[in-house]
Amino acid sequence: MAIEENEIHLNDVGTVFEVTLVESDVVVDISTATTLTIKFKKSDGATVMTKTASFSTDGTDGRLQYTSVADDLDQTGPWKLQAYVIMPSWTGHSSIGEFEVFRNL
Numbered sequence: 856m857a858i859e860e861n862e863i864h865l866n867d868v869g870t871v872f873e874v875t876l877v878e879s880d881v882v883v884d885i886s887t888a889t890t891l892t893i894k895f896k897k898s899d900g901a902t903v904m905t906k907t908a909s910f911s912t913d914g915t916d917g918r919l920q921y922t923s924v925a926d927d928l929d930q931t932g933p934w935k936l937q938a939y940v941i942m943p944s945w946t947g948h949s950s951i952g953e954f955e956v957f958r959n960l
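Here it is, written out as C-alpha cells:
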C-alpha cells in the first residue's frame, strides 16, 4: 500500500497553494502588485471562493500563495484555481490550474 503525502483531503487545514505567473515562458515580476488573490472553483462547479494571497518570497519570482483554513476544502472531487493580480503596469489572471480533493475514511 502506498500513501501519497501530497494528496489534498477533505477539510485539510494548512495546505499551501502556490501559483507562479509566467508569460511567454518568462516568470512575471509581481513585486509591485497591490492586489494578490487566488480564486478557487469548488467541485460543484458553481461555488467560487476568492482568497487574499501573499507573496511566496518577494514577488520577483512571480510566486504567490494561499494557505487553507477551516471550511475551505469542504467538497471532494476536482477543483480549479486561478490567481488574479493587480499591478501598476498590468492587471490580469494566471492560467487555470486543477487539483483533486480526496475523501477521508
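Start counting at 1 in the sequence shown, then tack on 855, and there's your number in the working numbering. For each residue, glycine too, the CB sits at the ideal point set by N, CA and C. Treat the numbers as computed from the prediction; the structure is a model and nothing was measured.
Cβ-Cβ separation, residue j to residue i (assumed contact under 8 Å), whole Å
i      : j      : result
Thr890 : Lys906 : Not confirmed; about 12 Å, so no contact.
Glu873 : Ser911 : 6 Å
Gly947 : Leu936 : That pair is no contact at about 15 Å.
Ser879 : Gly932 : About 33 Å separates the two Cβ atoms, so there is no contact after all.
Proximity of residue i and residue j at Cβ, strictly below 8 Å
i      : j      : result
Gln930 : Val903 : no
Val877 : Gly917 : yes
Tyr939 : Lys896 : no
Val882 : Ser923 : no
Asn866 : Leu960 : no
Ile885 : Gly914 : yes
Burial state of residue i, where buried means 16 or more other Cβ atoms lie within 10 Å
i      : result
Trp934 : buried
Ser950 : exposed
Ala888 : buried
Span of the beta strand (DSSP E) around residue i
i      : result
Arg918 : Arg918 to Thr922
Gly947 : Thr946 to His948
Gly932 : Gly932 to Ile941
Ile951 : Segment: none, Ile951 is in no beta strand (DSSP E) and carries neither H nor E.
Lys896 : Thr890 to Lys896
Thr915 : Unbroken run through Thr915: none, as it is neither H nor E.
Thr905 : Val903 to Thr907
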